[in-house]
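Chemist: Take any residue in the sequence shown, note its place counting from 1, add 1411, and you have its number in the numbering used here. Every residue gets a Cβ at the ideal spot worked out from N, C-alpha and C, and that includes glycine.
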Amino acid sequence: MTTHELLAGLKAKKWVNLTHEVTKDMAIYQAFNPLQERVLTTLEETGSDNREYTLGTSHGTHIDAPAHFMAGGRIMADIPQKERYLPLYVLHLEDKVAANAGYAVTVEDIKAFEARYGDIPAGAFVAFSSGWYKRIHSQEAFTNTNEDGVEVTPGWSVAALEYLSRDQGITAIGHETLNTDAGPEAAAAGDLVAQRFWLNENKFQVEVMANLDQVPAVGSAIMINAPHIKDAVAFPAEVIAVLDEEA
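(1) Would you list, in sequence order, the uninterrupted alpha helix (DSSP H) runs of no fewer than 4 residues that lie entirely inside the region 1468–1556?
(2) So what does T1465 bridge to, in DSSP terms?
(3) Take A1621 and list the residues in its own chain whose beta-carbon comes closer than 8 Å to its own, dropping the five residues that flank it on each side.
(4) Please list, in chain order, all residues of the same chain as G1513 whose beta carbon is under 6 Å from its beta carbon, the five residues on each side excluded.
(5) Going by the DSSP bridge assignment, what does V1561 pair with across the sheet?
(6) Using a 10 Å radius around the Cβ and a threshold of 16 neighbouring Cβ atoms, would you call G1458 buried or exposed?
(7) Quick check on the DSSP output: the alpha helix (DSSP H) that includes V1604 runs from which residue to which?
(8) Closest to F1536 by C-alpha separation, out of A1438, D1436, A1645 and G1630, would be which residue?
(9) Using the beta-carbon count (16 or more within 10 Å), is I1633 buried or exposed?
(10) Between the region 1563–1573 and the region 1523–1533, do at least 3 Cβ pairs fall closer than 8 Å?
(11) Who are the near neighbours of L1575 in its chain, counting only those whose CB is closer than 8 Å to its CB and skipping five residues on each side?
(12) R1527 to T1453, Cα distance in whole Å?
(13) Figure out for me which residue from L1451, E1455, K1641 and V1617 has the closest Cα to the Cα of E1463.
(14) Given this structure, state the Cα-to-Cα distance separating P1498 from E1416, to the nearest angstrom.
(15) Evaluate contact between the region 1548–1558 and the region 1632–1651, counting only Cβ atoms and requiring at least three cross-stretch pairs below 8 Å.
(16) By DSSP's criteria, D1592 is part of a beta bridge. Which residues make up the other side?
(17) May I have the straight-line CA-CA distance separating Q1625 from D1506, to the nearest angstrom?
(18) Determine the closest residue to L1502 out of R1495, G1529, R1449 and D1489, with distance taken between C-alpha atoms.
(19) So which of S1540, T1517, Q1441 and D1655 has the shortest CA-CA distance to V1617?
(20) Run through DSSP, which three-state label would Q1616 get?
(21) Which whole-angstrom value is the C-beta distance of L1603 and N1590, which I expect to be below 8 Å?
(22) Find the nearest neighbour of D1655 within the set I1486, G1542, E1494 and W1426, judged by alpha-carbon distance.
(23) Among N1444, Q1492, Y1500 and T1414, which has the Cα closest to the Cα of P1638?
(24) Please state whether DSSP places S1576 in a helix, a strand or coil.
(25) Determine, using beta carbons only, whether A1476 and F1615 come nearer to each other than 8 Å.
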C-alpha cells in the first residue's frame, strides 16, 4: 500500500475530535489565568489580522510529558511522533461516575474490560471516559468542590495505573479531568499520587479530553499533535480519534 492509499483509507474512516475549544471562560487548573487575546493588527488597518495569545501549558486538552512531575523525565520533544499515534482503547465508566462523582478507576474495571474485549496490547493508549468533559464551561461544575474543600472529581487509582504500565506495557493514558487522580483520593493522600506515579513511569498523558463517549471501546486509533516548543513539559494539543467505522 502506498502512502497516498493509506491516507485515502484513513480519510474514509470516521474521525472524532477529542479536543476542547480553548476559550477565556473554560474551566482551568487553579495555577493558571484565563486565556488572554491581544489584537496586534487588523485587516482594516494593515491588511492582515495578527493576534497574540497568552495561555497556560495545561489549558484545555493538553499533553503532560513526564518532566511535568519527574526530575530528569522526558520533555515533550523527547516523545517521538510515532509514540503520539497509537491504538486507542476506551474505558466507558460514565455510569459509575454518574453514581459517584469521585470514582477512581480500579484494576477490576480494567480486567472486566479485558474479559469482554480481550487484553489491551502493549503500546496502546488507554482513555477513561467519564462524561466529565460536558462540564468544561463551568469552573464550579468542573472542579466540583464540596464544603470541605475537596474536589469531588473522577480519576485513576494508582493500582490501576500500575497494572496498565507494568503489567500491560501501556504507552499513554488520557482522561477528561484536570488531574489524573480522583479528587477524594488526592485529598486523602495530600498529593496527586496517581499523576505523580504515571509521569514518574516516564510516560505521558493527555488531560481534559472531550467526546470520548463518541468513541467505541475498541477499534480506533488516536492522533496527538502539539506545537514544537523548546523544552516544553506540557502544552495544549489537538487530539483526534479515527474509528474503524466508515464516515
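Modeler: Reading it off the structure:
(1) 1505–1510, 1518–1528 and 1550–1554
(2) Q1447
(3) N1428, L1429, T1430, H1431, T1472, Y1544, I1547 and E1587
(4) V1563, A1593, G1594 and P1595
(5) According to DSSP, V1561 bridges with nothing at all.
(6) exposed
(7) V1604 to L1610
(8) G1630
(9) buried
(10) no
(11) I1521, I1531, V1537, I1581 and I1584
(12) 56 Å
(13) L1451
(14) 20 Å
(15) no
(16) W1567
(17) 15 Å
(18) G1529
(19) S1540
(20) strand
(21) 6 Å
(22) W1426
(23) Q1492
(24) helix
(25) yes
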